[in-house]
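Undergrad: Before anything else, here's the structure in question.
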Amino acid sequence: MTALLEIRGLAKRFGGVIAVNGLDLSLEPGEVRGLIGPNGSGKTTTINLISGLYRPEGGEIRLGGERIERLRPHEIARRGVARTFQISKLFSNMTVLENVLVPALAERDRGGARRELPELHDRARHLLDLVLLGRHRDALAKELSGGQSMLLQIARGLMLRPIRLFLMDEPFAGVHPTIKDTIMETILEANRREGVTFLIVSHEMATLRRLASRVSVMHEGRLIAEGSFETVANQPAVLEAYLGA
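Here my numbering is used: the first residue of the sequence shown is 4, the next is one more, and so on.
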């Protein structure tokens with residue numbers, strides 16, 4: 004099977020700090036993959052590189068065989084890559100429903116698929132119901148809790164058409180257990196029904212274990228282990244990365 008996402012030799016530095024150092028990583032279509040590692044290991048930088056927020060100094064990123072590492076964020080999004088941010092990036096003075104509609108309306112304005120407005124509204128309402136925000140659709144985004152803001156980011160990302168890859172940066176951090184369950188159910192539903200591939204950065208191992216059959220472990224900007232939780236948990240390099248030599 005051809006990889007949906009293939010990263011080879013990816014590199015990024017900030018001044019004298021090497022954040023990502025020759026990273027190799029690949030994801031198969033329809034996979035839910037965890038990306039873990041100690042603080043400062045380069046996980047969020049990797050997500051920012053894939054989504055076009057940063058440009059790499061070296062290496063390549065291929066989505067479905069097409070190189071995307073020099074594309075701008077909106078160009079990568081148009082190819083079906085959505086993402087969430089740990090600190091919510093919402094239009095705070097727009098309603099919840101308007102926030103979800105933004106990706107689809109922006110695509111129409113750029114000459115993309117001309118889905119009719121009633122269809123877009125139906126899709127947006129369906130997604131808000133899926134993440135249990137339906138009754139908040141007319142509220143302003145700034146009125147939501149932190150966990151609800153994450154749910155809104157997820158619903159907004161799923162409005163992309165096509166949606167092929169969803170990048171998530173710490174989606175479970177600091178959210179109520181009930182909202183955490185809703186996030187997990189939404190991920191599994193989108194993966195099962197629409198075949199969306201997920202790459203999820205998280206420190207919450209118990210939660211991630213319920214979602215991802217495989218995890219990739221980063222340390223000092225490199226991939227040091229990959230496989231099931233059971234496989235990587237006992238590898239000396241992983242133990243040393245988390246616990247020290």
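The beta carbon of each residue, even a glycine, is placed where N, CA and C say it ideally should be.
DSSP on S231, reduced to helix/strand/coil?
TA: On the sequence shown, residue 231 is found 228 positions in, with the first residue counted as 1. S231 falls in the coil class under three-state DSSP.
Undergrad: Tell me the DSSP bridge mates of D172?
TA: Mapped onto the sequence shown, residue 172 falls at position 169. In the DSSP output, where bridge partners are listed per residue, D172 has V204.
Undergrad: Between the C-alpha atoms of S44 and A22, what's the straight-line distance to the nearest angstrom?
TA: Working through the sequence shown from its first residue, we reach residue 44 at position 41. Working through the sequence shown from its first residue, we reach residue 22 at position 19. Rounded to whole angstroms, S44 to A22 spans 7 Å at the Cα level.
Undergrad: How is L161 classed by DSSP in three states: helix, strand or coil?
TA: Locating residue 161 in the sequence shown gives position 158, counting from the first residue. L161 falls in the coil class under three-state DSSP.
Undergrad: What residue range is occupied by the uninterrupted alpha helix (DSSP H) comprising M187?
TA: Translated into the one-based positions of the sequence shown, residue 187 becomes position 184. Note, M187: alpha helix (DSSP H), P180 to E197.
Undergrad: Secondary structure at D125, three-state DSSP: helix, strand or coil?
TA: Walking along the sequence shown from the start, residue 125 turns up at place 122. D125 falls in the helix class under three-state DSSP.
Undergrad: Rounded to the nearest angstrom, how far is the Cβ of K15 from that of T47, given a contact under 8 Å?
TA: The residue labelled residue 15 in the question sits at position 12 within the sequence shown. The residue labelled residue 47 in the question sits at position 44 within the sequence shown. With 8 Å as the limit, K15 and T47 do not qualify as a contact, their Cβ atoms being about 11 Å apart.
Undergrad: Would you kindly check if the distance between the Cβ of M171 and the Cβ of G40 is under 8 Å?
TA: Working through the sequence shown from its first residue, we reach residue 40 at position 37. Working through the sequence shown from its first residue, we reach residue 171 at position 168. No; because the gap between Cβ atoms is not below 8 Å, this pair is not in contact.
Undergrad: Would the region 87–105 and the region 123–134 be scored as touching if the rule is three or more Cβ pairs under 8 Å?
TA: With a cut-off of 8 Å, the region 123–134 and the region 87–105 count as touching, because enough Cβ pairs lie within range.
Undergrad: Tell me, please, whether the CB atom of L7 is closer than 8 Å to any CB atom in chain B?
TA: In the structure shown, chain B does not exist; there is a single protein chain.
Undergrad: If you drop the 5 nearest sequence neighbours on each side, which residues of the same chain put their C-beta closer than 7 Å to that of L28?
TA: Residue mapping note: residue 28 aligns to position 25 of the sequence shown, counting from 1. The answer, listed in chain order, is I10, S219 and L226.
Undergrad: Output needed for F232: all residues of its chain with C-beta closer than 7 Å, excluding positions within five of it in sequence on either side, in chain order.
TA: One-based indexing of the sequence shown puts residue 232 at position 229. So the qualifying residues of the chain are R212 and V218.
Undergrad: Which complete beta strand (DSSP E) runs does the region 13–59 hold, if anything under 3 residues is left out?
TA: The region 13–59 contains these whole beta strand (DSSP E) runs: 20–30 and 35–39.
Undergrad: Which residue wins for smallest C-alpha separation from F17, given the options K145, G177, E173 and Y57?
TA: To locate residue 17, count along the sequence shown from 1; it is residue 14. When each option's Cα is compared against that of F17, the closest is Y57.
Undergrad: Please check the pair A158 and L131, which I expect to be a contact at CB under 8 Å, by giving their CB distance rounded to whole angstroms.
TA: As a position in the sequence shown, residue 158 is number 155, starting the count at 1. As a position in the sequence shown, residue 131 is number 128, starting the count at 1. That belief holds up - the Cβ atoms of A158 and L131 are roughly 6 Å apart, short of 8 Å.
Undergrad: By the DSSP assignment, the alpha helix (DSSP H) with I79 in it spans what residues?
TA: Against the sequence shown, residue 79 aligns to sequence position 76. P76 to R81 is the extent of the alpha helix (DSSP H) around I79.
Undergrad: What's the gap between the Cα of L249 and the Cα of S216?
TA: An answer regarding residue 249 cannot be provided, because it is not within the stretch 4 to 248 covered by the chain.
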